[in-house]
Amino acid sequence: MTDESLDTDAAFSLLADETRVRILEELGSATASPETGIPRLSYADLKSRVGIRDSGRFNYHLTKLVGNYVAKEDEGYRLRWPGLVLYRTLVAGHLTDEAGSAVDRFAVGTDCHRCGDSIEAYRYETLFRVRCFSCEATYTDVYVPSHGLVDRDRTAILEAVHRRTRTILDSMTSGQCPWCAREVSPEIHEGDGSLPSLHDTRDLEPYVVYHCTDCTGFQYVPVSGVLLYHPATVAFYYDHGLDLTEIPAWELPWAVTDDATTVLETDPWRFRVRIDLADESFVAHLDEDLEVVDAAREPRIDE
Numbered sequence: 153m154t155d156e157s158l159d160t161d162a163a164f165s166l167l168a169d170e171t172r173v174r175i176l177e178e179l180g181s182a183t184a185s186p187e188t189g190i191p192r193l194s195y196a197d198l199k200s201r202v203g204i205r206d207s208g209r210f211n212y213h214l215t216k217l218v219g220n221y222v223a224k225e226d227e228g229y230r231l232r233w234p235g236l237v238l239y240r241t242l243v244a245g246h247l248t249d250e251a252g253s254a255v256d257r258f259a260v261g262t263d264c265h266r267c268g269d270s271i272e273a274y275r276y277e278t279l280f281r282v283r284c285f286s287c288e289a290t291y292t293d294v295y296v297p298s299h300g301l302v303d304r305d306r307t308a309i310l311e312a313v314h315r316r317t318r319t320i321l322d323s324m325t326s327g328q329c330p331w332c333a334r335e336v337s338p339e340i341h342e343g344d345g346s347l348p349s350l351h352d353t354r355d356l357e358p359y360v361v362y363h364c365t366d367c368t369g370f371q372y373v374p375v376s377g378v379l380l381y382h383p384a385t386v387a388f389y390y391d392h393g394l395d396l397t398e399i400p401a402w403e404l405p406w407a408v409t410d411d412a413t414t415v416l417e418t419d420p421w422r423f424r425v426r427i428d429l430a431d432e433s434f435v436a437h438l439d440e441d442l443e444v445v446d447a448a449r450e451p452r453i454d455e
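For the working numbering, add 152 to where a residue sits in the sequence shown, where the first one is 1.
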């Protein structure tokens, strides 16, 4: 595929004026309608919405946007996909999120799987964290736009954090960067104490890193964490009357610690993960690529 898009400097320079941002906002706000599809605004209607009387000035800025962000058609003007992405970014507050938009600490109702003290949730700068303040084990550290937290109670906030975390982890473990869509591969690291507990989950032995070398996005995951949304694991929970996708990872000890993981070999890596539920166990074997090579259910045996 040949990349014929604008370079980064040129793309950002197109937005270096408040009038152009207003044009994008007005076209974007007129776009969201599944029933009518993407509407087109006439030149006069768009100019009126933006509130610019000087036709020359308005036409100059509109022309700058046509091509990369805006499409000009017989029916009028509409946002192209890059314009829609930018509009949604503005709505979410990605570019204007305030570091001071804090959420006070509150208990999530789950005890720490490392030390047993209460796990708490809070917003730090623009990141939402679920962690234990006693031992600094961090269970979730994810960006959630302020727009998604407005007028939500604590239960709804935690649900938003869980879904955001789930989306990122599901994408990473599926081999695609959730931020730039490039391919990512898991890297297995031996636990050597170099991974700070403030920024991962716990002292993992070993642990997995999904790292996008293009946009630098990354995610630390316990070996067992790659099974969180695997079809066999989801089916195991479903057969026990539970929807695994609705359960936050911090409520699943096997998914956020290495307690359920046994290292069978190190060259190449081989793992066994045992997940207990009711009177049954789901046992999966993973290879060096963290692919499930076999899986089975067994009667649960508590050691």
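Don't be surprised by glycine CBs; every beta carbon is placed ideally from N, CA and C.
For residue i, three-class secondary structure by DSSP
i, result
"TRP402", "helix"
"TRP331", "coil"
"VAL408", "helix"
"PRO348", "Because PRO348 sits at a pLDDT of 37, beneath the cut-off of 50, its placement in the model cannot be relied upon, and the following sentence gives the value as read from the coordinates. PRO348: coil per DSSP, three-state reduction."
"SER194", "coil"
"ILE204", "coil"
"GLU443", "coil"
"HIS314", "helix"
"SER298", "helix"
"PRO383", "helix"
"VAL237", "helix"
"GLU417", "strand"
"GLU156", "Residue confidence for GLU156 is low, a pLDDT of 49 falling below 50, so the modelled location carries little weight; the figure read from the coordinates is stated next. Here GLU156 sits in coil by DSSP."
"SER326", "coil"
"ARG452", "coil"
"LEU321", "helix"
"LEU394", "coil"
For residue i, the first and last residue of its enclosing beta strand (DSSP E)
i, result
"ILE190", "Unbroken run through ILE190: none, as it is neither H nor E."
"GLY261", "255-263"
"HIS341", "338-341"
"GLY228", "228-231"
"PRO374", "370-374"
"TYR359", "359-363"
Reference residue i; option with closest CA among the options
i, options, result
"HIS213", "ASP206, ARG201, ARG172", "ARG172"
"ALA132", "ARG201, LEU176, HIS265, GLY343", "Any question about residue 132 goes unanswered here, given that the chain covers just 153 to 455."
"ARG422", "SER270, ALA436, GLU432, GLU440", "GLU440"
"VAL296", "ILE340, HIS314, LEU231", "HIS314"
"GLY300", "ASN220, ARG283, ARG316", "ARG316"
"ILE271", "LEU438, LEU404, THR418", "LEU404"
"THR385", "THR365, PHE370, TRP406, CYS367", "TRP406"
"ILE309", "VAL282, SER200, PHE370", "VAL282"
"ASP419", "ARG334, HIS341, TYR276", "HIS341"
DSSP bridge partner residues for residue i (one or two, in chain order)
i, result
"PHE285", "The partner list for PHE285 (beta bridge, DSSP) is empty, contrary to what the question assumes."
C-beta contact flag for residue i and residue j at 7 Å
i, j, result
"LEU242", "PRO338", "no"
"PHE434", "ARG424", "no"
"GLY180", "TYR239", "yes"
"VAL378", "THR325", "yes"
"ARG232", "VAL202", "no"
"HIS437", "ASP428", "no"
First through last residue of the alpha helix (DSSP H) which encompasses residue i
i, result
"LEU179", "170-181"
C-beta neighbour in chain D for residue i, strict 7 Å
i, result
"GLU335", "The structure shown contains no chain D; it holds only a single protein chain."
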